[in-house]
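Asks:
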Amino acid sequence: MSAKTVYFIEGDGIGPEVWGAARPVLDAAIEKAYGEKKIEWKELLAGEKAFKETGSYLPQETLDALAAAELAIKGPLQTPVGKGFRSLNVTLRQTFDLYACIRPIRYFEGIESPVKRPDLVDVVVFRENTEDVYAGIEWSSESAESKRVIDFLVGEMGAKIDPTAGIGIKPITPAGSKRLVRRALDYALDQNRESVTLVHKGNIMKYTEGGFRQWGYDVAEEEYAGKVVKEGEEADGKVIINDRIADAMFQELLMRPEKYSVVATTNLNGDYISDALAAQVGGLGLAPGVNMGDKLAIYEATHGTAPTIAGKDMANPGSVILSGAMMLENNGWGDAAALIKKSVEKALAAKKVTVDLASQIAGAETVGCKEFGEIILTNL
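Throughout, the working numbering is defined as the position within the sequence shown, counted from one, plus 227.
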C-alpha cells in the first residue's frame, strides 16, 4: 500500500464545512484511480480552533510539524484582531518562506460569466509571496516615526514630501524576484506553455517594480539560454518571455486573455490580477491555489472565512476540492486529479450548485455545501 502524508488545517468560519465536504472527494478519487494508494491525513491546529484548545492561534506544535513537512492543505484562516498577528496566512508564508503563490485559472463549462469569452481564460499566475506589500513597513500620519523618516528624506535626500503623510516602504529584492521568475519559467517549460509575462509598474517605480522586471529578464538570459527568448525574437518552440505594465495587463486579461499563459508578478499586482481572472470564470469558489517554497507546499482555498454564512451549510467547497486536485496533480497523482476536475464539471452541468454559483448559472438549483460535495463525490 502506498500512502502519502498530508497535514491539514480545517480553518476558521466556513473552513470546517468546506474541508468536511472536500476530504471525502479527494480520498475517493485516489481510491478510484489507484486502488490501494491513499493519503494519511494528519490534523494541525491553527486559528480559532487552536486558540480554544491551546490558547495560541498558531501553536508551536503546528509550526514544528510544518517545518518537517512537504505537503499541507488548509481552509481559510481569520486573523485575530489586536492579537499580535498581522495575518495568520502571511505569518505561515513568511515563516516557511513560501515565496510562490501559484493560482491556475481556467473556465468551467456552464458558468455564466460577466465577460463574453470566459472560455479563453487559461492562465497560471505566479505571485511573489514574501516581499512587496507583504513585507511592507509603515508609519502612520504625523507619528514620531513618520516625521523622522520624512525629516531624513527631505533633509538628507532632497525629497519633497508633505509633512503630514503616512509613510510606507515596500522591499523588492533581486534574489526574491529571480527565484519567483525561475519557478514560473520552469513551469512553462515543463507544461509546454507558450509564454511567461512579467507584470509590473516599472514605468513609475523604476527600482522596485522596474527592478522586478529587469531581474526577471536577467534570469531568462543568464539561466535559460536556448530555451527562452524575448518577445519579437524567433520562438521556434521556445518559451517567450515578455512584460506588461500592470494597468495595461489588467485590460489585456479582460479583453485578450488567450494571449497570456503564465504570469509572474509582484505581490500586490498578483493579488488583484488573480482575483480578477477568477471573477471571469466563476469566482473564488472555484479558484484553487498553493503557497509553495523549495521544501513545503501549502495548498489552500483562495477565498476568505465568510463568517456571515459560517455554519449555515451555504459555502462552496470547490476551491478546497480543486486545490486538493492541484496538490495531487503536482505530486504525480494526475489521474485522480483529472477525475476530480471532471466531477466538478459534471456537477456544474447538472445545475445543482451552491448559492454563489447558482447566481451565475441560469435555471440552477441551490444546494448546500455538504450536498454539493456529495454530488461531486457521486460523480466520481
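C-beta atoms are modelled at their ideal positions from N, C-alpha and C, and glycine is treated no differently.
(1) Which runs of the alpha helix (DSSP H), 4 residues or longer, sit entirely within the region 302-370?
(2) Quick one: residues in its chain with C-beta nearer than 8 Å to the C-beta of residue 607, no 5 flanking neighbours on either side, listed in chain order?
(3) Considering only residues of the same chain and omitting the five flanking positions on each side of residue 372, which have a CB-CB separation below 6 Å?
(4) Which first and last residues belong to the alpha helix (DSSP H) in which residue 597 is found?
(5) Using 10 angstroms around the beta-carbon of residue 544, count the other beta-carbons present and answer buried if the total reaches 16, otherwise exposed.
(6) Measuring straight from C-alpha to C-alpha, what distance separates residue 298 and residue 409?
(7) Considering only residues of the same chain and omitting the five flanking positions on each side of residue 345, which have a CB-CB separation below 6 Å?
(8) In this structure, how does DSSP classify residue 279 when only helix, strand and coil are distinguished?
(9) How many Å lie between residue 228 and residue 267 at the Cα?
(10) Which stretch, first to last residue, makes up the beta strand (DSSP E) that contains residue 426?
(11) What distance in whole Å lies between the Cβ atoms of residue 420 and residue 466, which are believed to be in contact at a cut-off of 8 Å?
(12) Please state if the CB of residue 278 and the CB of residue 490 are separated by a distance shorter than 8 Å.
(13) Just checking, does the region 587-595 make contact with the region 548-555 on the three C-beta pairs under 8 Å criterion?
(14) Does residue 497 come out as helix, strand or coil in the three-state DSSP assignment?
(15) Quick one, are the C-beta atoms of residue 488 and residue 515 less than 8 Å apart?
(16) Note down the Cα distance separating residue 580 from residue 560, rounded to an integer number of angstroms.
(17) Using DSSP with H/G/I as helix, E/B as strand and the rest coil, what is residue 246?
(18) I'd like to know if the region 355-369 and the region 314-331 are in contact, where contact means that at least 3 CB-CB pairs between them fall below 8 Å.
Replies: The answer reads as follows:
(1) 315-322
(2) The residue given as residue 607 occupies position 380 in the sequence shown. Excluding positions up to five away in sequence, the list reads 252, 255, 256, 259, 566, 567, 570.
(3) One-based indexing of the sequence shown puts residue 372 at position 145. Closer than 6 Å at Cβ, skipping near neighbours: 366.
(4) Taking the first residue of the sequence shown as 1, we reach residue 597 at position 370. Counting along the chain, the alpha helix (DSSP H) containing residue 597 begins and ends at 596-606.
(5) Residue mapping note: residue 544 aligns to position 317 of the sequence shown, counting from 1. That one is buried.
(6) For the purposes of this step, residue 298 is identified with residue 71 of the sequence shown, where counting begins at 1. For the purposes of this step, residue 409 is identified with residue 182 of the sequence shown, where counting begins at 1. In a straight line, the C-alpha of residue 298 is about 21 Å away from that of residue 409.
(7) Position 118 of the sequence shown, counted from the start, is the residue given in the question as residue 345. Excluding residues within five positions, the ones whose Cβ falls inside 6 Å are 334, 507, 508.
(8) Counting from one through the sequence shown, the residue named residue 279 turns up at place 52. Three-state DSSP puts residue 279 in a helix.
(9) Translated into positions along the sequence shown, residue 228 becomes position 1. Translated into positions along the sequence shown, residue 267 becomes position 40. Bear in mind that the predicted position of residue 228 carries a pLDDT of just 41, short of 50, making it too unreliable to give a figure here.
(10) Taking the sequence shown and counting its residues from 1, one reaches residue 426 at position 199. Residues 422-427.
(11) By 1-based counting over the sequence shown, the position of residue 466 is 239. By 1-based counting over the sequence shown, the position of residue 420 is 193. Their Cβ separation, rounded to whole angstroms, is 7 Å, which keeps residue 466 and residue 420 in contact under 8 Å.
(12) By one-based count along the sequence shown, residue 490 stands at place 263. By one-based count along the sequence shown, residue 278 stands at place 51. No; because the gap between Cβ atoms is not below 8 Å, this pair is not in contact.
(13) no
(14) Against the sequence shown, residue 497 aligns to sequence position 270. Of the three classes helix, strand and coil, the one that applies to residue 497 here is helix, per DSSP.
(15) Here residue 488 refers to the residue found at position 261 when the sequence shown is read from its first residue. Here residue 515 refers to the residue found at position 288 when the sequence shown is read from its first residue. In this structure, residue 515 does not lie closer than 8 Å to residue 488 by Cβ.
(16) Reading the sequence shown from its first residue, position 353 is the one you call residue 580. Reading the sequence shown from its first residue, position 333 is the one you call residue 560. Between residue 580 and residue 560, the C-alpha separation is close to 27 Å.
(17) The residue given as residue 246 occupies position 19 in the sequence shown. It is helical.
(18) yes
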